[in-house]
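Let me begin by presenting the structure, written as C-alpha cells, before commenting on it.
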Amino acid sequence: MIKPLTINTTRQGLLNITSPVAAIVRESNLHEGLCTLFVQHTSASLIIQENADPSAKRDLEHWLNRLVEENDPLYTHTLEGPDDMPAHIKCALTATSLAIPIAEGQLALGTWQGIYLWEHRRRGERRNLVIHLGG
Amino acid sequence: MIKPLTINTTRQGLLNITSPVAAIVRESNLHEGLCTLFVQHTSASLIIQENADPSAKRDLEHWLNRLVEENDPLYTHTLEGPDDMPAHIKCALTATSLAIPIAEGQLALGTWQGIYLWEHRRRGERRNLVIHLGG
Amino acid sequence: MIKPLTINTTRQGLLNITSPVAAIVRESNLHEGLCTLFVQHTSASLIIQENADPSAKRDLEHWLNRLVEENDPLYTHTLEGPDDMPAHIKCALTATSLAIPIAEGQLALGTWQGIYLWEHRRRGERRNLVIHLGG
Chain A
8 MIKPLTINTT RQGLLNITSP VAAIVRESNL HEGLCTLFVQ HTSASLIIQE
58 NADPSAKRDL EHWLNRLVEE NDPLYTHTLE GPDDMPAHIK CALTATSLAI
108 PIAEGQLALG TWQGIYLWEH RRRGERRNLV IHLGG
Chain B
8 MIKPLTINTT RQGLLNITSP VAAIVRESNL HEGLCTLFVQ HTSASLIIQE
58 NADPSAKRDL EHWLNRLVEE NDPLYTHTLE GPDDMPAHIK CALTATSLAI
108 PIAEGQLALG TWQGIYLWEH RRRGERRNLV IHLGG
Chain C
8 MIKPLTINTT RQGLLNITSP VAAIVRESNL HEGLCTLFVQ HTSASLIIQE
58 NADPSAKRDL EHWLNRLVEE NDPLYTHTLE GPDDMPAHIK CALTATSLAI
108 PIAEGQLALG TWQGIYLWEH RRRGERRNLV IHLGG
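Chains as they are written, first to last, in my numbering: chain A, 8 to 142; chain B, 8 to 142; chain C, 8 to 142.
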C-alpha cells in the first residue's frame with residue numbers, strides 16, 4: 008500500500024513528522040509490517056533523531072551547516088542559489104529512504120526516536136513523501 | 008522477487024542507473040510495491056541525486072573527495088591502494104541499500120531524482136547489485 | 008515477521024552482528040525476501056563494511072572520530088556527556104535502517120561485506136534492534 012504525505016516546510020532545519028506518519032500507520036490497520044518513507048526531492052532528506060532535547064536538534068543543524076558550507080569556492084552549480092549545492096550534499100550524507108518496522112500496530116521507534124524531515128533550503132518548500140506499508 | 012543487476016563502472020564517480028532499475032520494475036508487472044536496491048560491495052554505494060544539471064553531480068564528487076582524502080596519514084589500511092580506504096569511508100557516509108516505492112507500475116521518483124551507483128575506486132569495477140521487488 | 012535482537016556493546020566502535028542476523032534469517036525459512044534491520048537508538052547506528060581486514064574497521068572509526076569531535080565549542084547539548092552529541096551526529100551520517108535481500112535462504116551479502124552495529128557511546132549500552140523479514 009502506497010500513501011502520499013505532503014509537508015510544507017517554512018525554513019531550513021529538522022521538522023518532526025512522526026505524528027502524520029504514525030497516523031498513516033494506524034489507518035492502515037497493519038499489525039506487523041514495515042513502513043518505508045521516501046522523499047521525492049534532492050534538497051530535503053529523512054532522519055531519525057532524538058526527540059527530547061531541542062538543543063540536540065539545533066547542534067546537529069549547526070554542525071552540518073559548518074561541514075557543508077554555502078559559497079564554497081569548490082561549487083560550480085550555483086545558479087539555483089547559495090543554499091542549493093549544500094542541500095544536495097546534505098542529502099547525500101543523510102537519507103532519502105528510511106524503513107521502520109511496525110509492531111503491535113505501531114511504528115517500532117525507540118523511546119527517544121522521532122522521524123524528521125530535514126529541509127535543506129533556507130526558504131522551505133512543499134515536500135512530497137511517498138510511504139509504503141507492507142506486511 | 009529478487010533480481011540481479013550488474014554494472015561495469017570505468018572510473019570513479021556517479022553513474023546514473025535509473026534506466027536499468029526502471030526496466031526491472033516494468034518487467035515485474037508490479038502495480039504498487041517497493042523496490043529495494045542493495046549493492047554487494049564496500050567500495051561502491053547508492054544515492055538518489057539531481058538528474059538535471061551535470062555540475063551538481065560533479066560538485067558532489069569533488070566535495071566528497073575533498074572531505075575524504077587519499078593518502079591521509081590517519082590510514083593504516085593502505086595495501087589495496089590509496090583509493091581503497093577513502094572508498095570504505097565514502098560508503099559509510101552514503102548508502103548500501105535504498106528503497107523506492109512503486110506507484111502505478113513505476114518507480115515513484117521525484118521529477119529531478121535519478122538513482123546513482125557511486126563508484127569510489129579510481130579504475131572502476133564490475134559491480135553487483137541485488138534488487139528486491141515486493142508488493 | 009518481526010524479530011527483536013538485543014546486542015550488548017562494551018565500548019565505542021564497530022561490532023560485527025552478521026552471525027545473529029543470519030541466524031534469524033535461517034530460522035525464518037524464507038527462501039527469497041528482504042531483511043530490514045532497524046536500531047531503536049539515536050547514539051548507535053548500522054553499517055555494512057569490509058569484514059576482512061581489521062585495519063579498515065579501525066581507520067573508519069578513527070576517521071569519523073576526527074570528523075565529529077568531542078568537546079566541539081559548537082555543541083550546546085552537553086549534559087549527557089562529551090560523547091553524546093557526537094553520537095547523534097554520527098548516527099545522522101550513517102544508517103538507522105538497512106535492508107538486505109534474502110536469496111536462496113541467505114542474506115545476499117557480498118563476499119567482503121559484514122553487518123555492523125556502530126556503538127557511538129564510549130561505555131557501550133544495551134542496544135535493541137528490530138528485524139523485519141518480508142517475502
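Every residue gets a Cβ at the ideal spot worked out from N, C-alpha and C, and that includes glycine.
Using a Cβ cut-off of 8 Å (strictly closer), state whether residue 77(C) contacts chain B.
-> For the purposes of this step, residue 77(C) is taken as residue 70 along the third sequence, with counting starting at 1. So no, residue 77(C) is outside the interface.
In or out: residue 102(A) buried (at least 16 other Cβ within 10 Å) or exposed?
-> Mapped onto the first sequence, residue 102(A) falls at position 95. Residue 102(A) comes out buried.
What three-state label does DSSP hand residue 85(B) in the structure shown?
-> Your numbering for residue 85(B) matches position 78 in the second sequence. Reduced to three states, the DSSP call for residue 85(B) is coil.
Quick one: list the residues of chain B neighbouring residue 57(C), beta-carbon separation under 8 Å, in chain order.
-> Here the question's residue 57(C) lines up with position 50 in the third sequence. Under the 8 Å cutoff, chain B gives 49, 95.
Identity of the residue in 63(B), 39(B), 65(B), 86(B) nearest residue 8(A) by Cα | By one-based count along the first sequence, residue 8(A) stands at place 1. Among 63(B), 39(B), 65(B), 86(B), the Cα nearest to that of residue 8(A) belongs to 39(B).
Which of the residues in the segment 97 to 124 of chain B, read from start to end, lie with their CB under 9 Å from any CB of chain C?
-> 98, 99, 100, 102, 103, 104, 105, 106
If you drop the 5 nearest sequence neighbours on each side, which residues of the same chain put their C-beta closer than 8 Å to that of residue 11(B)?
-> Looking up residue 11(B) in the second sequence gives position 4. Leaving aside the five residues that flank residue 11(B) on each side, the residues in its chain whose CB is nearer than 8 Å to its CB run, in chain order, 135, 136, 137, 138.
At least 3 beta-carbon pairs within less than 8 Å: the segment 103 to 123 of chain B vs the segment 48 to 66 of chain A | They touch, by the three-pair rule.
Check whether the Cβ atoms of residue 121(C) and residue 16(C) sit closer than 8 Å, and answer yes or no.
-> Residue mapping note: residue 121(C) aligns to position 114 of the third sequence, counting from 1. Residue mapping note: residue 16(C) aligns to position 9 of the third sequence, counting from 1. No, the pair does not count as a contact, with Cβ atoms beyond the cut-off.
Could you tell me the distance, in whole angstroms, from the CA atom of residue 68(A) to the CA atom of residue 82(C)?
-> Residue mapping note: residue 68(A) aligns to position 61 of the first sequence, counting from 1. Residue mapping note: residue 82(C) aligns to position 75 of the third sequence, counting from 1. Between residue 68(A) and residue 82(C), the C-alpha separation is close to 11 Å.
From residue 92(C) to residue 124(A), what distance separates their C-alpha atoms?
-> The residue labelled residue 92(C) in the question sits at position 85 within the third sequence. The residue labelled residue 124(A) in the question sits at position 117 within the first sequence. It is roughly 19 Å from the alpha-carbon of residue 92(C) to the alpha-carbon of residue 124(A).
Flag this pair as yes or no: are the beta carbons of residue 128(C) and residue 90(C) separated by less than 8 Å?
-> For the purposes of this step, residue 128(C) is taken as the residue at position 121 of the third sequence. For the purposes of this step, residue 90(C) is taken as the residue at position 83 of the third sequence. Against a cut-off of 8 Å, the Cβ pair of residue 90(C) and residue 128(C) comes out as a contact.
Bounding residues of the alpha helix (DSSP H) (the contiguous stretch that carries residue 29(B)) | For this step, residue 29(B) is matched to residue 22 along the second sequence. Looking at the DSSP string, the run of the alpha helix (DSSP H) that includes residue 29(B) is 25 to 35.
Residue of 19(A), 20(A), 55(A), 35(A) minimising C-alpha distance to residue 104(A) = Start at 1 with the first residue of the first sequence, and residue 104(A) comes out as number 97. If we check each option's Cα against that of residue 104(A), 55(A) comes out closest.
Output yes if chain F places a C-beta closer than 8 Å to the C-beta of residue 29(C); else output no.
-> Any reference to chain F falls outside this structure, whose protein chains are A, B and C.
Under 8 Å between C-beta atoms, does residue 65(C) make it to chain B?
-> Residue 65(C) sits at position 58 when you count from the first residue of the third sequence. Interface residue, yes.
Looking at the structure shown, is residue 125(C) part of a helix, part of a strand, or coil, going by DSSP?
-> Here residue 125(C) refers to the residue found at position 118 of the third sequence. If DSSP states are grouped into helix, strand and coil, residue 125(C) belongs with the strands.
So, helix, strand or coil for residue 80(C), using DSSP?
-> Position 73 of the third sequence, counted from the first residue, corresponds to residue 80(C). Looking at residue 80(C) - three-state DSSP - the assignment turns out to be coil, as it is neither helix nor strand.
Going by DSSP, name the residue or residues bridged to residue 98(A).
-> For the purposes of this step, residue 98(A) is taken as residue 91 along the first sequence, with counting starting at 1. Within the DSSP bridge table, the entry for residue 98(A) names no partner.
Apart from the five residues just before and just after residue 84(C), which ones in its own chain have a Cβ nearer than 8 Å to its Cβ?
-> Working through the third sequence from its first residue, we reach residue 84(C) at position 77. Taken in chain order, the residues that qualify are 91, 92, 95.
Using Cβ-Cβ distances below 7 Å, what residues of the segment 32 to 44 of chain C are close to chain A?
-> Listed by position, the residues of the segment 32 to 44 of chain C near chain A (Cβ gap below 7 Å) are 43.
Could you tell me the boundaries of the alpha helix (DSSP H) in which residue 74(A) lies?
-> Within the first sequence, numbered from 1, the residue matching residue 74(A) stands at position 67. Taken as a continuous stretch (DSSP letters only), the alpha helix (DSSP H) holding residue 74(A) covers 61 to 74.
Nearest-angstrom beta carbon gap, residue 100(C) and residue 100(B) [assumed within contact, 8 Å] | Indexing the second sequence from 1 puts residue 100(B) at position 93. Indexing the third sequence from 1 puts residue 100(C) at position 93. Correct: roughly 6 Å between the Cβ atoms.
Residue 87(A) versus residue 28(C): straight-line alpha-carbon distance, rounded | Taking the first residue of the first sequence as position 1, residue 87(A) is located at position 80. Taking the first residue of the third sequence as position 1, residue 28(C) is located at position 21. Counting only the Cα atoms, residue 28(C) lies some 44 Å from residue 87(A).
Close beta carbons around residue 25(C), own chain, < 6 Å, minus the five adjacent residues each side | One-based indexing of the third sequence puts residue 25(C) at position 18. Here the set comprises 121, 122.
C-alpha gap between residue 63(A) and residue 107(A), whole angstroms = Position 56 of the first sequence holds residue 63(A). Position 100 of the first sequence holds residue 107(A). Just so you know, the alpha carbons of residue 63(A) and residue 107(A) end up roughly 22 Å apart.
Relative to the alpha-carbon of residue 111(C), which residue among 142(C), 19(C), 58(C) has its alpha-carbon at the smallest distance?
-> Position 104 of the third sequence, counted from the first residue, corresponds to residue 111(C). Among 142(C), 19(C), 58(C), the Cα nearest to that of residue 111(C) is on 142(C).
Can you grab the Cα-Cα spacing for the pair residue 44(A) / residue 13(A), in whole Å?
-> Residue 44(A) sits at position 37 when you count from the first residue of the first sequence. Residue 13(A) sits at position 6 when you count from the first residue of the first sequence. The alpha-carbon atoms of residue 44(A) and residue 13(A) are separated by roughly 12 Å.
Quickly, what does DSSP pair residue 49(B) with across the bridge? List them, please.
-> Your numbering for residue 49(B) matches position 42 in the second sequence. Beta-bridge pairing by DSSP links residue 49(B) to no other residue.
Chain-ordered neighbours of residue 141(C) on chain B, where CB pairs are closer than 8 Å | Against the third sequence, residue 141(C) aligns to sequence position 134. Under the 8 Å cutoff, chain B gives 141.
Since residue 58(B) contacts residue 36(B) with CB under 8 Å, what's their CB separation in whole angstroms?
-> The residue you call residue 58(B) lines up with position 51 of the second sequence. The residue you call residue 36(B) lines up with position 29 of the second sequence. With 8 Å as the limit, residue 58(B) and residue 36(B) do not qualify as a contact, their Cβ atoms being about 25 Å apart.
Residues near residue 109(A) in its chain [Cβ-Cβ closer than 7 Å; skip 5 each side] = In the first sequence, counting from the first residue as 1, residue 109(A) sits at position 102. So the list reads 32, 37, 39, 40, 41, 42, 115, once near-sequence residues are dropped.
Name the residue from 98(B), 133(B), 140(B) whose alpha carbon lies nearest to the alpha carbon of residue 53(B).
-> As a position in the second sequence, residue 53(B) is number 46, starting the count at 1. The candidate whose alpha carbon is nearest that of residue 53(B) is 98(B).
Proximity to residue 65(B) [Cα-Cα], best of 133(B), 140(B), 113(B), 19(B) | On the second sequence, position 58 is the one that residue 65(B) refers to. Answer by Cα proximity: 19(B).
Going along chain B in order, which residues have a C-beta closer than 7 Å to the C-beta of residue 54(C)?
-> By 1-based counting over the third sequence, the position of residue 54(C) is 47. Within chain B, the residues near residue 54(C) are 99.
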